[in-house]
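Below: the structure, in structure tokens.
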Amino acid sequence: MDLKEICKEIRCETLNCIGSIGVGHIGGCLSVAEVLTVLYFKHMNVDPKNPHMEGRDRFVMSKGHAGPAVYATLAVKGFFPRSELLTLNKNGTKLPSHCDMNKTIGIDMTAGSLGQGFSCAVGIAIASKLSKDNAYVYSIVGDGESQEGQIWEAAMYAAHRKLDNLIAFTDYNGYQIDGSLDEVCSLGDLEQKWKAFGFDTVVIDGHDIDAIDVAITNAKDCKGHPHMIILRTVKGKGVDFIEAKKPGNHSMSLSTDDVKNAIEQIRRR
Amino acid sequence: MAMRDVLCEELYKLMQNDEKVVVIDADLAKADGTFNLRKSFPDRAFDVGIAEANMTSIAAGMSSYGFKPWITSFTPFVSRRNADQIAISVAYSKQNVKIVGTDPGITAELNGGTHMGIEDVGILRSIPNTVIVEIIDEVQLRKAIPVINDYHGCVYLRMFRKDCPIVTKEDYEFDLFKADTLKKGVDVSIFATGIMVETALKAAEILNEKGINAEVINIHTIKPIDKETVIESVKKTGAAVVCENHNIMGGLYSAVAEVTARHCPVKLVPVGIPDVAGEVGKLPYLRERMHMTVDDVVNAALEAKGLL
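Below, the structure written as structure tokens:
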């Protein structure tokens, strides 16, 4: 299956996952479907049959509320049955709203309290360097999450340590719970900020699979600096009535009909 | 020997024997004694700068990779300042991170109220998956560090970083989950931790002269508290004093009260920081100011016995 088809599968399974409980963080899940596709189906050295494989690449979803998008990706990849996606947030579930490494097979780091996951990813990148196993550490940071001071503590230190095995992404969809970032607290020139912090930085269309692939390949070739790939994205991407609700799509209700309509839209594209 | 130098020596031994042990600081390595580890282990002993939150989450990330990080700073900065990082990156995530907080409570002395961790035990105690240890002297510290390193999980160790009077005997063995009964007695239980252990022992001598035979127990592990030892002691004595270098809210006094209130209610009198903010001063002044002297412990014991 080509990456575009896989990406559609991930979007549909994300909708099934959140739809199974009727409410969830759908906007910021749909905005990262392409990057998750390229990571798990093109670049990451992981094995669903051996999820704890030594020396594997790691992934930290620092904006932990995009857990359902990661779960959908892991299920499509074969880490666990797709049917398990329908247990999201059910009592005693292995799939909580926010990523939990102790509950879900394939999740490398717990996240949810914003800012911490990216710092953990820096720790993992240091650990990988110490272990000399040539693993890459990937992490997705939210644009709203970038208002957390800890992101910049971690950024400063990652550059100081020249962690070129750290490839980070910003899901720059422009919206947070209380409104647009520009209304709440603008990130200003985010590209220049990351460059100033010492990151090899590019800005690309976050829904262009080929562009993401190229950006990751280029990042791997650029030694001596950590990497930030800023993804220009649309919150709720791929479903018109979800996109239209921003910023209300950060967390929104999804009826059975909504899920059906949304999946039909995605399949048609 | 200063406690920070003992800390450095013992961490050095751990690092020599186990290449997974790493030591991370946030610009207080020279104050906490860990700086010299960088000469021997330049890759595994490092500084993240003045960024305690980042230090804690980095440690959690390294733990997820199989490393055994120890992080250090002054007590308030490694607990109060990064409570959420300890709660989520470390404790909730069940990571194997050891947290050393130096100069708790009034031992911050001339750094003053801003640097006094008087609530750290209360904060950490209410976070699930934490173990809280307070060390009294270099003998206990040497015995405790390998045991703490071998325990998989989040352990918070609070200790004074300078010279401490030696209370512990050389043949002592440290049991992470067992309190140490330092003096047997039958009339009143004195539960003490940290710098207040020596104070409690001196108070017990004075009480002895007054015909009161006090039992002195060092609760080195405040969480999980050794319930059996607490219950056994107060069942025998029927009255107790709790001595700590911490706010009397949330620390050892609360921990002992939680046990006795349920299992064997007795009169329980606190000696500790009486819910007031810290201030600058040397220890003798601060002990007077906070009512943490030997006489305060004696009076607390008399009060517990209904004799005051």
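Sequence lines, in order, name chains E and R.
At position 87 of the first sequence (counting the first as 1) the number is 90 in this note's numbering, and the numbers step up by one without a gap.
At position 114 of the second sequence (counting the first as 1) the number is 337 in this note's numbering, and the numbers step up by one without a gap.
Every residue gets a Cβ at the ideal spot worked out from N, C-alpha and C, and that includes glycine.
No experiment lies behind these values; they were computed from the predicted model shown.
- At a beta-carbon threshold of 7 Å, none of the residues of chain R lie near Asp-146 (chain E); the nearest stands roughly 20 Å away.
- Judged by DSSP in its simplified three-state form, Lys-198 (chain E) adopts helix.
- Nearest C-alpha to Ala-314 (chain R) among R:Gly-376, R:Thr-337, R:Asp-266, R:Asp-255: R:Gly-376.
- Taken through DSSP and simplified to helix, strand or coil, Glu-467 (chain R) comes out as strand.
- Chain order gives the chain E residues near Val-271 (chain R) as Tyr-160, where near means a beta carbon separation below 7 Å.
- Here DSSP, grouped into helix, strand and coil, assigns His-230 (chain E) to strand.
- Unbroken beta strand (DSSP E) runs of no fewer than 3 residues, entirely contained in the segment 317 to 372 of chain R, are found at 321 to 325, 353 to 357, following chain order.
- For Val-125 (chain E), the C-beta contacts it makes with chain R under 7 Å involve Ile-281, Gly-284, in order along the chain.
- For Phe-290 (chain R), the closest alpha carbon among the candidates R:Ala-331, R:Pro-327, R:Val-390, R:Arg-267 is that of R:Arg-267.
- In its chain, beyond the 5 residues on either side, Val-38, Phe-172, Thr-173, Asp-174, Tyr-175, Ile-207, Gly-209 have a beta carbon closer than 7 Å to the beta carbon of Leu-234 (chain E).
- Interface flag for Ile-311 (chain R) against chain E is set, since a Cβ pair is found closer than 7 Å.
- Looking at the DSSP output, Ser-296 (chain R) shares a beta bridge with R:Gly-324.
- Ile-281 (chain R) is positioned such that its CB atom lies closer than 7 Å to that of Gly-126 (chain E).
- For Arg-61 (chain E), the enclosing beta strand (DSSP E) has its first and last residue at 61 to 64.
- For Leu-530 (chain R), the closest of R:Leu-506, R:Gly-434, R:Lys-446 by C-alpha to C-alpha distance is R:Gly-434.
- Contact annotation for Ser-263 (chain R) against chain E: no contact, minimum CB-CB distance about 15 Å [criterion: below 8 Å].
- Checking the DSSP bridge columns, you'll see Thr-173 (chain E) partnered with E:Val-144, E:Ile-233.
- Under the three-pair Cβ rule at 8 Å, the segment 299 to 309 of chain R counts as touching the segment 337 to 353 of chain R.
- A distance below 8 Å between beta-carbons, with the five flanking residues on each side excluded, links Pro-250 (chain E) to the following residues of its chain, in chain order: Gly-30, Tyr-178, Gln-179, Ile-180, Asp-181, Gly-182, Ser-183, Lys-238.
- In the structure shown, Tyr-395 (chain R) adopts coil according to DSSP, grouped into three states.
- The beta carbon of Gln-150 (chain E) does not come within 7 Å of any beta carbon belonging to chain R, so the residue lies off that interface.
- Leaving aside the five residues that flank Met-104 (chain E) on each side, the residues in its chain whose CB is nearer than 7 Å to its CB run, in chain order, Ile-110, Asp-111, Met-112, Thr-113.
- Rounded to whole angstroms, the separation of the alpha carbons of Thr-330 (chain R) and Val-494 (chain R) is 16 Å.
- The beta carbon of Phe-121 (chain E) is closer than 6 Å to those of Ser-65, Ser-142, Val-144, Ile-154, Ala-157 in its chain, skipping five residues each way along the sequence.
- Under the three-state reduction of DSSP, Thr-257 (chain R) is assigned to coil, being neither helix nor strand.
- Using a Cβ-Cβ cut-off of 7 Å, Asn-277 (chain R) counts as an interface residue toward chain E, since at least one Cβ of chain E sits closer than that to its own.
- If you check the CB distance, Ala-130 (chain E) and Met-285 (chain R) come in under 7 Å.
- For the segment 474 to 501 of chain R, the continuous beta strand (DSSP E) assignments of 3+ residues that do not extend past its boundaries occur at 490 to 496, in sequence order.
- Under the three-state reduction of DSSP output, Asp-136 (chain E) falls in the coil class, being neither helix nor strand.
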